[in-house]
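Residue 339 in UniProt numbering is what sits at position 339 of the sequence shown, and the numbering runs on without skipping anything. Note that CB positions come from ideal geometry on N, CA and C, so glycine has one too. Worksheet for the structure shown next.
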Amino acid sequence: MNLPQLKVKDLQQIDTARFTRFIQNQMAVMPQLNNPKQLAIALASKYIKLKDQPKLTQSVILGKEVRSSDQNKVVQLPTLLQNNYIYFLGTGNNHQVVQRVLSKRNEWISTNNKNDSLINFRWQQTQKGYQYDKLLPGNKVKQVVNHFEFHSEISQKSNLFRNLSQYCEENQLDILSFVPLTFVLDFTNEKADVYLLQFLQYYENNAPQSIKLHDTQNKFYIIRRQLNTYMQLTDKIIQITKSKIPSTFYGHEYLWILKPTQYNRGRGIHVIKDLDQMTHLLDQYISGKQQMKDGQIIKSKQFVIQKYLEKPLLINNRKFDIRVWGLLNQELEFFFFEQGYIRMASEEYTTKNVLNQYVHLTNNAIQKYSPNYGKLEDGNQLSFDQAAIYFKNKGDFYKQIVENIKQISLKAFQSVRKKINVLGRRFCFEIFGLDFMIDDDFKVWLIEINSNPCLEESSQLLQRLIPRMLDDAFSLTLDQLFPVTKKQIVFSVPNYSDNHNMWQKLGKLQ
């Protein structure tokens, strides 16, 4: 492997610890391995060949610097460096599993210095600090990152609905056939007084007689005065009547669900039973008074409010949703991981108590605090095969549910084909978590799409799926740009060959 020549100043971030790891990754080539300082000096004298053989007496590698009397002297990277790639791994969200998967690729080594100019791959929970303008094919050091610059076009709840609405209109599709009735509430918009009133009118016109409202105009002024801001909804949604919404969304309680647009893992989500509750919550979020159980303050001015699926399909009388993974690679090809998992609620389903999150929200980040967590299923999770057996009298889980999920997933990503990588960055890829629900009529509904999906191996099922999911994803992304020789250790999944890549290509965004 021939890498371009680098100047001495380009090596200033290579410290002795990293040199040590390079050597250890290959073999113990010299007795000085137990002495980092001697090792660094030995490497400098033995492997770094300066043009015209300048004297090395003033070139000493110490700590985090390469000092040289001539910063413009050109050096040839040592062979040991040329055969390795460097990655930086941000902490959190079980980053250890990413490290474990990368460690099976002989050529990859890690650095703790996020400012290292020689990093080839960055993996972080968020894109904070990513310099997308420097991800260019002509760079001396090729670098890949794990987030698209504009992933929020699909991972932010309000953007997902807006983009899907536009895509469906352009392609004569009915968005309400696979996405719950959704209103986008944007309290930063100064043009939409009328939309607040229209939302309240829709709410009243379709409410059951038992909770019929007669003070819509007053509610409008009360909410507007309390919040001192505005809502923005999609015009066409206002024209939707209850007759166009499946009956599985309506029960005796007439429930809605409120979600801040920029959060995931169940944070800030509330089931809404009336307008007074909604008004109070919106006021709390906008003013920064809403506090989570862990003490975190959530502040938001943008929300989606969706019609709550009041008649969901249940497993053992408990609510569940389906988590699947989607991968978008550097060529904007969309892949679907062939196995996902079922996330179970800890308590039996009822619409009487909307405040009990262990009934209504199936996110593991919520359920793990329930006293019933893990009592009925390992990590409150079931495999697709287990779901298929459970629903065999209802229908074919793989043919009817999973195949429908694939079709909806591709539509969602096609809706952002012109936005998620609008500047044409070459070295990005991203793994997304997509959440779906099934109603009592065995119909699939897209709930949301998340960046930075949970990688916690909270069950034996996920201990098998997550490492394999990452390993196969890297085969389609990193390995295409940075060829490697894998070790023999593989991440096996029952009923799948170790040589089979479990990411199924569904199409290219175009």
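In its own chain, which residues sit with a C-beta less than 8 Å from the C-beta of residue i, not counting the 5 before and 5 after it?
i, result
"GLN463", "GLU457"
"ARG426", "LEU135, LEU136, PRO137 and GLN330"
"SER383", "GLN339, TYR341, ILE342 and LEU461"
"LYS486", "LYS104, ARG105 and ASN106"
"LEU281", "LEU258, HIS270, ILE272 and GLN290"
"LEU173", "TYR167 and LYS411"
If we ignore side chains and look at the alpha-carbon of each, how far apart do residue i and residue j end up?
i, j, result
"LYS128", "SER117", "17 Å"
"ILE489", "LYS104", "7 Å"
"GLU403", "SER409", "10 Å"
"MET502", "MET469", "7 Å"
"HIS252", "GLU348", "18 Å"
"ASP435", "LYS406", "12 Å"
"LYS352", "VAL359", "10 Å"
"LYS273", "LYS419", "36 Å"
"PRO467", "GLU204", "49 Å"
"GLN99", "ASN372", "32 Å"
"LEU476", "LYS411", "21 Å"
"THR279", "TYR202", "16 Å"
"LYS394", "VAL422", "43 Å"
"ASN316", "THR111", "47 Å"
"PHE150", "ARG318", "36 Å"
"THR350", "LEU313", "12 Å"
"PHE480", "ASN171", "In the sequence as presented, Phe is not what sits at residue 480; that position holds Gln. About 34 Å."
"VAL484", "ARG122", "17 Å"
"PRO246", "SER459", "35 Å"
Within a Cβ cutoff of 7 Å, which residues of the same chain sit near residue i, ignoring the five residues on either side of it in sequence?
i, result
"PRO180", "PHE249, GLN306, LYS307, LEU309 and TRP445"
"ILE401", "ILE438 and VAL444"
"LEU509", "LEU332, PHE334, PHE413, GLN414 and ARG417"
"PHE391", "PHE397"
"ALA473", "LEU327, ILE431 and TRP503"
"LYS311", "THR248, GLY251, ASP439 and ASP440"
"PHE178", "ILE408, VAL444, TRP445 and LEU446"
"TYR496", "MET502"
"SER492", "ASP498"
Around the Cβ of residue i, are there at least 16 other Cβ atoms within 10 angstroms (buried) or fewer (exposed)?
i, result
"THR478", "Per the sequence presented here, residue 478 reads as Leu, with Thr not at that position. Buried is the call here."
"ASP471", "buried"
"PRO494", "exposed"
"residue 512", "The requested residue 512 is not part of the displayed model; the chain covers only 1 to 510."
"GLY268", "buried"
"GLY424", "exposed"
"ASN364", "buried"
"ASP321", "buried"
"PHE429", "buried"
Just to confirm my understanding: we take residue i, look at its own chain, exclude 5 residues before and 5 after, and list those with CB closer than 6 Å. What are they?
i, result
"GLU169", "none"
"ILE175", "LEU164, SER165 and CYS168"
"VAL141", "LEU118"
"THR188", "LYS301"
"THR182", "PHE161, VAL304 and GLN306"
"SER370", "SER346 and TYR358"
"VAL354", "VAL271 and LYS273"
"HIS147", "GLN127 and GLU430"
"GLN124", "GLY90"
Determine whether the beta carbon atoms of residue i and residue j lie at a separation below 8 Å.
i, j, result
"GLN339", "LEU465", "yes"
"LEU328", "PHE442", "no"
"TYR130", "VAL145", "yes"
"LYS157", "GLU333", "no"
"THR261", "VAL304", "yes"
"ASN450", "SER155", "yes"
"GLU377", "LEU160", "no"
"PHE482", "ASN120", "yes"
"VAL97", "LEU455", "yes"
"GLN367", "ASN356", "no"
"THR362", "ALA345", "yes"
"VAL89", "HIS95", "Reading off the sequence, residue 89 comes out as Leu, not Val. A contact, by the Cβ cut-off of 8 Å."
"THR91", "ASN452", "no"
Which residues share a DSSP beta bridge with residue i?
i, result
"LEU355", "Answer is none; LEU355 lacks a bridge partner."
"THR188", "DSSP output for THR188 lists no bridge partner at all."
"MET437", "TRP445"
"ARG343", "ASP321 and GLN381"
"ASN450", "GLY433"
"GLU333", "LYS508"
"TYR87", "SER110 and PHE121"
"CYS168", "Note: CYS168 sits in no beta bridge, so no partner."
"ARG105", "LYS486"
"PHE249", "Note: PHE249 sits in no beta bridge, so no partner."
"ILE305", "PHE183 and LEU258"
"ILE315", "ARG318"
"VAL271", "ILE257"
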